[in-house]
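Contents: one structure, followed by commentary.
Residue numbers (this note's numbering), protein chains in the order written: chain A, 2 to 656; chain B, 2 to 656.
See below:
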């Protein structure tokens with residue numbers, strides 16, 4: 002039966018890619034036994050794919066998606082034979098790479114290499130935090146493994162090593178990574194691009210390393226898997242030697258990696274396996290035994306868990322209730338007692354953000370996070386808590402080290418796991434380093450919270466390597482990301498609320514290093530509209546100023562000056578463009594009337610993208626070069642971000 | 002004398018940061034002896050800082066800039082005491098982080114961690130390529146080391162490991178990295194964020210690992226340096242134990258990392274060193290001996306090299322001449338015999354790009370490059386050459402492995418070194434992974450060439466993880482980057498010419514996976530204008546279509562349809578926005594007349610940023626969500642990129 006299922010998975014990989022005339026058969030053919038072993042072992046309930054205490058599985062090599070889809074189908078998930086036949090077709094639930102929320106049983110979107118292992122590190126982190134917090138003696142409500150199947154590509158990407166290093170440090174013993182080691186990448190033999198000793202490399206990071214010499218040796222795979230499970234402290238990497246495109250005439254070569262085998266070679270391979278030559282032919286024997294067992298076993302495990310949960314609910318009703326709300330992501334926070342800052346109080350929004358972080362830590366039981374070694378600069382520390390570590394699972398501060406990318410991907414994994422609200426912080430300019438993770442969060446529709454401080458040239462002395470210019474445009478141009486740049490302490494509170502309450506959209510909070518004054522009409526409650534009038538004109542609008550973040554103070558100061566000279570100015574604070582653009586046309590026109598043709602957009606960043614609101618080239622005060630190293634105030638002056646210059650520009654525009 | 006110089010460097014680090022009231026004294030105080038040893042050892046000529054055969058030095062920990070500036074000053078470079086006093090001030094040559102081209106003797110801009118080692122790998126790569134190609138028996142015209150000083154931060158960033166892995170594979174034996182190992186990062190003790198065994202980790206990648214137990218032990222430093230130089234094959238990492246903020250009352254803690262010591266603690270430290278308490282006090286003894294020796298030694302080495310070069314020029318005039326042109330980056334290519342494609346010929350621009358790559362390989366002696374394991378997809382292979390490797394330095398194809406970020410940073414290092422034209426390729430969607438390197442190239446004004454294929458949703462079946470949406474906006478919003486998206490084979494040739502001839506601006510070539518037809522009026526020679534009229538209207542413009550890349554075919558096809566219905570349409574091909582915006586207002590208005598109010602911008606990517614050319618929201622046909630997995634043609638239809646829809650949109654706009 003083992004062999005029958007494995008060969009069927011291989012035959013399906015051949016048929017699906019042949020039918021789609023595209024796809025990647027090489028890895029599924031080689032690693033089918035590994036996938037089979039994992040799925041047979043996993044604690045999952047195919048009929049309840051989002052069971053919270055299931056084992057997690059990340060197919061880091063997302064291109065091997067046929068393997069995952071076949072396993073899901075054969076395990077009894079809601080993915081039928083027709084879905085397999087529709088592989089890579091419009092509106093199918095079997096897209097080219099696995100997509101979270103799109104297909105039941107897919108725990109993470111994958112494809113961009115390296116991120117799979119790092120997401121799994123996040124899942125294992127979430128498991129250990131929740132287990133430590135909610136399990137009681139005799140009640141292991143949270144208790145599962147996180148499995149990964151990765152390939153040679155993942156073993157080269159830097160983020161894999163950033164995250165693996167943390168997994169070793171944190172002793173995430175329930176993380177089990179199978180490394181499909183087939184010595185071939187797209188461009189040819191692996192030794193063209195790597196001479197790494199993977200065993201030594203992983204052991205140097207505190208992992209258990211196991212080796213399976215033959216990927217078809219089910220007994221050896223089983224043994225390694227059991228050894229991995231037995232190891233409590235060290236995460237485990239199991240290197241499994243396989244043959245890419247196993248069974249194909251071109252086996253062992255990169256020719257099998259990214260193109261279907263075609264009919265002839267496909268038949269050749271099927272004959273080699275000794276399985277049916279008919280396309281998409283799945284023996285009823287498999288459904289009757291393997292599929293049946295998978296479903297039965299899953300139901301049994303699930304029911305046992307439910308039984309235990311019920312007792313837990315009786316013994317610990319408060320904790321059980323809290324945990325359930327966290328699992329459902331509907332844990333309610335009452336923000337009513339938050340102390341807003343008073344008008345004219347001055348505070349850097351990174352510090353305002355820290356106030357909110359510490360407030361939220363008192364309100365939400367699993368709110369946690371940290372930074373990529375910049376906690377004292379990004380102000381991301383929870384004061385009343387300790388550092389998360391191998392021996393302190395309840396520490397709510399996470400030091401990710403100088404590993405921005407891993408931080409963001411790990412946090413994606415934590416959110417994918419569920420039960421925890423997590424944030425990560427770094428300097429805004431280093432959003433560059435983690436952009437690939439932000440993109441995945443936006444694509445997966447998971448509400449990660451990203452705190453970016455030091456948000457402009459006002460950083461000053463650290464100079465152009467540390468001054469963001471194009472970064473606001475980089476993030477705003479991404480679909481499904483709320484880029485929120487609050488103008489003061491109170492808008493910062495509003496920004497955090499949006500980030501906390503968001504269900505399907507990640508947030509980027511863009512915060513100042515320098516002090517900003519609380520404006521009289523700034524309104525935390527209007528941040529959710531994306532933009533609002535923060536300073537009304539007296540009668541008619543001579544010029545409409547649109548500003549974000551730290552430039553709102555400047556805009557209002559300039560407006561006040563201009564009023565003295567008889568100009569009538571409206572100032573719009575626009576903390577979040579995407580939210581503003583989701584408002585009704587009516588609201589948008591109330592805030593920024595189309596008939597107001599005299600405008601000035603003020604933002605200490607690239608002008609790129611602002612022509613949507615500016616009607617002429619001269620209606621943007623931005624920065625289209627890189628910055629420079631000097632005192633922040635001097636740099637701002639240099640680029641014209643002062644009252645005198647704004648006044649001058651407005652007068653030119655109005656004239 | 003050794004100790005006097007070292008303590009002076011320390012005192013200067015204290016004084017410079019105190020004077021600036023900002024900066025990072027911690028690392029300079031700890032690693033002053035290492036910096037001193039390197040500079041004393043290096044083959045450099047302070048009076049000829051761009052001497053091509055000098056040893057290169059990358060201060061990977063750019064925040065330790067006072068160390069570098071002091072060493073440059075004391076070595077006799079063109080950086081005077083006043084420059085040191087002006088540290089981090091407006092218009093100074095001593096900005097917060099070292100900046101290439103800004104300060105003589107600075108071989109690379111640094112600050113963003115991890116990139117320093119990777120740039121150095123590129124420099125060492127360039128050295129070995131040029132040495133293999135141009136050195137002759139008895140003529141080691143190219144023969145130098147590349148030194149790096151890095152810190153704990155670099156040891157955590159993924160890109161360090163991507164690049165280090167390649168350095169080991171490639172046996173870059175002349176790369177010598179000093180690792181200032183002080184066990185402290187900004188957020189606290191290193192063991193909060195790492196339990197890596199650095200020795201095993203580096204040895205697993207094929208490096209020589211050496212250890213110096215006491216960073217103040219000059220003899221041990223010297224011994225390690227010599228051992229590193231003696232090792233021909235393996236790159237060397239020398240881990241040197243130091244104390245951050247050495248001498249300060251707060252030594253050994255992160256408190257000394259990123260803030261000046263202040264007067265009191267500064268005095269305390271100076272007393273500890275036993276050096277002058279006067280600020281910026283540099284003993285004449287240093288100038289008279291150390292500085293004098295550095296200059297003399299440099300001049301001597303330089304003159305010896307010139308002498309050798311002269312003989313080389315006599316013995317090998319052609320090679321010498323070629324090398325000189327390469328060094329000056331003025332090697333001339335005569336493009337006259339390039340065979341343009343004929344109208345209506347069809348070719349994917351990634352394949353057109355491969356034609357140009359292979360053409361350039363016959364024209365330019367050190368043109369080389371490769372991809373991050375996608376050469377057969379990005380079409381970046383030089384057919385008549387072999388793979389660069391430890392045993393084949395003259396191979397012009399580089400397989401960087403699945404390491405996009407390292408690829409781009411290494412290439413930055415190659416260009417910083419000089420003498421080589423290099424390109425790197427990956428899928429456009431993975432430009433995310435290497436964006437931090439592109440930013441550094443743009444900032445450093447170095448003309449790297451980045452080839453991005455599979456440039457839109459037309460990728461099809463691979464789905465949203467592989468379909469760029471926001472990436473054009475991400476790159477276009479960067480200052481000093483030419484983002485060129487050619488519409489056919491001939492524009493691709495023009496795009497490559499711009500990339501090859503660029504002196505201070507990196508290029509991103511955005512190429513299609515699918516076939517594109519050569520348009521009758523497409524003009525390789527007009528790509529340099531950024532945009533031009535590719536299809537003239539008959540009399541008056543009813544609607545002006547602006548398209549880039551693969552959408553130009555569509556725009557012209559739609560225009561032809563619309564003409565049948567009596568509409569008069571102009572089509573503008575806009576391969577490069579930034580170049581267009583550098584043209585005269587007159588030219589810009591000739592191509593896109595301001596009086597043409599009816600427009601449609603067509604691009605299979607985010608609409609973000611296109612309001613600069615579209616005058617209303619409905620004048621952009623873009624994609625503001627993520628893509629989907631299906632046949633490319635179906636995905637394009639789904640998002641409305643077909644003739645019928647463009648015709649319909651234009652009619653609505655004109656009406």
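Note that the Cβ used here is the ideal one computed from N, Cα and C, for glycine as well.
What you are looking at is a predicted structure, and each value in this text was computed from that prediction instead of being measured.
By DSSP, does residue 545 of chain B sit in helix, in strand, or in coil?
Position 544 of the second chain, counting from 1, holds the residue named residue 545 of chain B. When secondary structure is reduced to three states using DSSP, residue 545 of chain B falls in the strand class.
Looking at the structure shown, is residue 553 of chain B part of a helix, part of a strand, or coil, going by DSSP?
The residue given as residue 553 of chain B occupies position 552 in the second chain. Of the three classes helix, strand and coil, the one that applies to residue 553 of chain B here is helix, per DSSP.
According to the neighbour-count rule (16 or more other Cβ atoms, all chains shown, within 10 Å of its Cβ), is residue 292 of chain A buried or exposed?
Counting from 1 along the first chain, the entry for residue 292 of chain A is found at position 291. Within a 10 Å sphere around the beta-carbon of residue 292 of chain A sit 16 or more other beta-carbons, which makes this residue buried.
Boundaries (first-last residue) of the beta strand (DSSP E) holding residue 10 of chain B:
In the second chain, residue 10 of chain B corresponds to position 9, counting from 1. No beta strand (DSSP E) contains residue 10 of chain B, which is instead part of the alpha helix (DSSP H) from 3-21.
Look at the Cβ atom of residue 636 of chain A, then the Cβ atom of residue 468 of chain A, and state whether they are nearer than 9 Å.
Position 635 of the first chain, counting from 1, holds the residue named residue 636 of chain A. Position 467 of the first chain, counting from 1, holds the residue named residue 468 of chain A. Less than 9 Å divides the Cβ of residue 636 of chain A from the Cβ of residue 468 of chain A.
What is the DSSP secondary structure of residue 606 of chain B, reduced to helix, strand or coil?
The count along the second chain starts at 1 and reaches residue 606 of chain B at position 605. When secondary structure is reduced to three states using DSSP, residue 606 of chain B falls in the coil class, being assigned neither helix nor strand.
For residue 349 of chain B, the three-state DSSP class (helix, strand or coil)
Looking up residue 349 of chain B in the second chain gives position 348. Assigned with DSSP and collapsed to three states, residue 349 of chain B falls in strand.
Between residue 674 of chain A and residue 282 of chain A, what straight-line distance do the alpha-carbon atoms span, to the nearest angstrom?
Shown here, chain A extends from 2 to 656; a query on residue 674 of chain A therefore has no answer.
Is there a Cβ of chain A sitting closer than 9 Å to that of residue 204 of chain B, yes or no?
By 1-based counting over the second chain, the position of residue 204 of chain B is 203. At least one chain A Cβ lies under 9 Å of residue 204 of chain B.
Those residues which DSSP pairs with residue 454 of chain B across a bridge
Numbered from 1 along the second chain, position 453 holds the residue referred to as residue 454 of chain B. Its beta-bridge partners are B/428.
Whole runs of the beta strand (DSSP E) within the region 565-612 of chain B, excluding any shorter than 3 residues
List check, beta strand (DSSP E) in window: 570-574 and 600-603.
Between residue 477 of chain B and chain A, is any beta-carbon pair separated by less than 9 Å?
Against the second chain, residue 477 of chain B aligns to sequence position 476. A Cβ of chain A is located within less than 9 Å of the beta carbon of residue 477 of chain B.
Alpha carbon to alpha carbon, how far is residue 526 of chain B from residue 364 of chain B? Give it in angstroms, no decimals.
Mapped onto the second chain, residue 364 of chain B falls at position 363. Mapped onto the second chain, residue 526 of chain B falls at position 525. Roughly 19 Å between the two C-alpha positions.
For chain A, find out if any of its Cβ atoms is closer than 9 Å to the Cβ of residue 466 of chain B; answer yes or no.
Within the second chain, residue 466 of chain B is the residue found at index 465, counting from 1. Yes, residue 466 of chain B lies at the interface with chain A (some Cβ there is under 9 Å from its Cβ).
Tell me the rounded alpha-carbon separation between residue 43 of chain A and residue 275 of chain A.
For the purposes of this step, residue 43 of chain A is taken as the residue at position 42 of the first chain. For the purposes of this step, residue 275 of chain A is taken as the residue at position 274 of the first chain. Rounded to the nearest angstrom, the two C-alpha atoms are 28 Å apart.
Using only the alpha-carbon positions, how far apart do residue 249 of chain B and residue 40 of chain B sit?
On the second chain, residue 249 of chain B is found 248 positions in, with the first residue counted as 1. On the second chain, residue 40 of chain B is found 39 positions in, with the first residue counted as 1. Those two C-alpha atoms are separated by around 24 Å.
Of the residues A/156, A/121 and A/152, the one placed nearest residue 146 of chain A, counting alpha carbons only:
Counted from its first residue, the first chain places residue 146 of chain A at position 145. For the residues A/156, A/121 and A/152, the minimum Cα distance to residue 146 of chain A belongs to A/121.
Classify residue 266 of chain B: buried if its beta carbon has 16 or more other beta carbons within 10 angstroms, exposed otherwise.
Taking the first residue of the second chain as position 1, residue 266 of chain B is located at position 265. Burial call: buried.
Below 6 Å CB to CB, which residues in the same chain sit around residue 426 of chain A once its five sequence neighbours on both sides are set aside?
Locating residue 426 of chain A in the first chain gives position 425, where the first residue counts as 1. Only 372, 379, 381 and 452 meet the Cβ criterion.
Kindly say whether residue 317 of chain B, judged by its beta-carbon, lies nearer than 9 Å to any beta-carbon of chain A.
The residue labelled residue 317 of chain B in the question sits at position 316 within the second chain. With 9 Å as the cut-off, residue 317 of chain B does not count as an interface residue toward chain A.
Please check if any C-beta of chain A sits within less than 9 Å of the C-beta of residue 98 of chain B.
Within the second chain, the letter at position 97 stands for residue 98 of chain B. Chain A, which has a Cβ nearer than 9 Å to the Cβ of residue 98 of chain B, makes this yes.
Please list, in chain order, the residues of the region 251-273 of chain B that have any C-beta partner in chain A closer than 7 Å.
So nothing in the stretch comes that close.
According to DSSP, is residue 181 of chain A part of a helix, a strand, or is it coil?
Sequence index remark: in the first chain, residue 181 of chain A carries index 180 (1-based). Residue state, collapsed to three classes: strand.
Residue range of the unbroken beta strand (DSSP E) whose run includes residue 293 of chain B:
Start at 1 with the first residue of the second chain, and residue 293 of chain B comes out as number 292. Per DSSP, residue 293 of chain B belongs to no beta strand (DSSP E); it is in the alpha helix (DSSP H), 293-316.
For the alpha helix (DSSP H) that residue 413 of chain A lies in, which residues bound it at each end?
Stepping through the first chain from its first residue, residue 413 of chain A is reached at position 412. Under the DSSP assignment, residue 413 of chain A falls in the alpha helix (DSSP H) whose first and last residues are 405-418.
Tell me the start and end of each unbroken alpha helix (DSSP H) in the region 98-149 of chain A that is at least 4 residues and wholly inside, in chain order.
116-135, all fully within the region 98-149 of chain A.
Looking at C-beta atoms only, is the number of pairs between the region 470-488 of chain B and the region 296-309 of chain B that lie closer than 8 Å three or more?
Output reads no: the region 296-309 of chain B does not touch the region 470-488 of chain B.
Could you work out which residue in B/322, B/432, B/92 and B/616 is closest to residue 465 of chain A when comparing CA atoms only?
Within the first chain, residue 465 of chain A is the residue found at index 464, counting from 1. The candidate whose alpha carbon is nearest that of residue 465 of chain A is B/92.
Through-space distance from residue 126 of chain B to residue 492 of chain A, alpha-carbon basis:
Counting from one through the first chain, the residue named residue 492 of chain A turns up at place 491. Counting from one through the second chain, the residue named residue 126 of chain B turns up at place 125. So the alpha carbons of these two residues sit roughly 50 Å apart.
Got a sec: which bits of the region 623-637 of chain B sit with their beta carbon under 9 Å from any beta carbon on chain A, in order along the chain?
Hits within the stretch, in order: 624, 625, 626, 627, 629, 630, 631, 632, 635 and 636.
Quick test of your reading: residue 509 of chain A and residue 484 of chain A, contact by CB under 8 Å. State the CB separation rounded to the nearest angstrom.
Here the question's residue 509 of chain A lines up with position 508 in the first chain. Here the question's residue 484 of chain A lines up with position 483 in the first chain. The pair is a contact, with the Cβ atoms about 5 Å apart (cut-off 8 Å).
Rounded to a whole number of angstroms, what is the C-alpha to C-alpha distance between residue 51 of chain B and residue 417 of chain B?
Here residue 51 of chain B is taken as the residue at index 50 of the second chain, counted from 1. Here residue 417 of chain B is taken as the residue at index 416 of the second chain, counted from 1. Cα-Cα distance, rounded: 11 Å.
Which of helix, strand or coil does DSSP assign to residue 333 of chain A?
Within the first chain, residue 333 of chain A is the residue found at index 332, counting from 1. Per DSSP, reduced to three states, the secondary structure at residue 333 of chain A is coil, with no helix or strand assignment.
For residue 182 of chain B and residue 241 of chain B, what's the separation of their Cα atoms in angstroms?
The sequence position of residue 182 of chain B within the second chain is 181, counting from 1. The sequence position of residue 241 of chain B within the second chain is 240, counting from 1. Approximately 5 Å, taken between the alpha carbons.
Under a CB-based cut-off of 9 Å, is residue 400 of chain A close to chain B?
Position 399 of the first chain, counting from 1, holds the residue named residue 400 of chain A. Chain B contact via Cβ: present.
For chain A, find out if any of its Cβ atoms is closer than 9 Å to the Cβ of residue 372 of chain B; answer yes or no.
Residue 372 of chain B sits at position 371 when you count from the first residue of the second chain. It does; some Cβ of chain A falls within 9 Å.
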